[in-house]
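Only one structure is covered here, and it is reproduced in the block below.
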Amino acid sequence: MKTIAVLSHKGGSGKTTVAVNLAIAWRALGARTVLADADPVRSASDSLRKRADHMSLVVETSAAKLDALAYVSGKGGCDVLIIDTSGGPDNGMIEAMKVADLCIAVSRPTYLDVAATLRTVDIVRRLGRQGMVLFNQCPPRRNGVESAVVSGTMDILRRGGLEVCPLALQTRAAYQRAIAQGQGVTEYEPGGKADAEIGGLLAYVQGKTAGAARDRAAND
Numbered sequence: 001m002k003t004i005a006v007l008s009h010k011g012g013s014g015k016t017t018v019a020v021n022l023a024i025a026w027r028a029l030g031a032r033t034v035l036a037d038a039d040p041v042r043s044a045s046d047s048l049r050k051r052a053d054h055m056s057l058v059v060e061t062s063a064a065k066l067d068a069l070a071y072v073s074g075k076g077g078c079d080v081l082i083i084d085t086s087g088g089p090d091n092g093m094i095e096a097m098k099v100a101d102l103c104i105a106v107s108r109p110t111y112l113d114v115a116a117t118l119r120t121v122d123i124v125r126r127l128g129r130q131g132m133v134l135f136n137q138c139p140p141r142r143n144g145v146e147s148a149v150v151s152g153t154m155d156i157l158r159r160g161g162l163e164v165c166p167l168a169l170q171t172r173a174a175y176q177r178a179i180a181q182g183q184g185v186t187e188y189e190p191g192g193k194a195d196a197e198i199g200g201l202l203a204y205v206q207g208k209t210a211g212a213a214r215d216r217a218a219n220d
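Numbering follows full-length UniProt numbering, with no gaps: position 87 of the sequence shown is 87.
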């Protein structure tokens, strides 16, 4: 089983939107996917409650129960466990990191957001986990090229030795419209630009986690 923790030190990054869309897109490929809503706000659960597959897709949990949930999910035949963590630097985030094969630190491309994300990445490193930064709510690309703000920030982080997802998610109405209807963008707007972004993100995450569970078991 692959376990992915979606994290953010700072609210408003779109962490839950990323977790929801990854879970729905992965499940659409036939993987037995569970979204663990470990955020006390329960935004993921609230947005997906109207789905027919809600009971099998979403599990409301807490940080203290994540280790047991990961164990039970793996034994029960789950292929992918995606954890939507509580926002902010609390122990809940750390507990999610401990059970994760990949930690995704979601950040907007602003100075304050990046500064907060660096603290998240520092904890990921100290725990010996694999992590990456994902930029979200980015300004539109022009002719397929990322804005100077986004590309420049990516370059700075990479020069500092950080793993940065090469595909940044843009600010798109489709993300908010889809989640308001209990859908992922792959369901709400198939073939759209947001669909393509999530498809690219999913492919990248799949590549990063190909041997992650094996490597984590060896390091633990």
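Heads up, the beta-carbon is just placed ideally off N, CA and C, and yes, glycines get one too.
From a predicted model like this one, the values you see are computed outputs, not experimental measurements.
Euclidean distance between Cα positions of residue i and residue j
i, j, result
"A64", "S73", "15 Å"
"G182", "L48", "4 Å"
"P40", "D46", "11 Å"
"Q170", "S62", "30 Å"
"P109", "G152", "10 Å"
"L57", "R177", "20 Å"
Reference residue i; option with closest CA among the options
i, options, result
"L22", "V106, V121, R126 and V114", "V106"
"K208", "E187, M93, I104 and P139", "I104"
"E163", "A210, A196 and L102", "L102"
"L134", "R158, K98, G77 and I179", "R158"
"A5", "R172, A194, V114 and M93", "M93"
"A194", "P140, A210, G76 and S147", "P140"
"S147", "P166, R129 and G131", "P166"
"M154", "A168, D79, E197 and G144", "A168"
Beta-carbon proximity of residue i to residue j, cut-off 9 Å
i, j, result
"G14", "Q137", "yes"
"A19", "D122", "no"
"M1", "A44", "no"
"A25", "L81", "no"
Check: residue i C-beta below 8 Å from any heavy atom of the ligand ZN
i, result
"L112", "Absence of the ligand ZN from the depicted structure is noted, as is the absence of any ligand whatsoever, leaving it without description."
DSSP state of residue i mapped onto helix, strand, coil
i, result
"T120", "helix"
"A25", "helix"
"G77", "coil"
"R142", "strand"
"L112", "helix"
Cross-strand partners of residue i (DSSP beta bridge)
i, result
"D37", "E60 and D84"
"residue 223", "Nothing can be reported for residue 223, as the shown portion of the chain is limited to 1 through 220."
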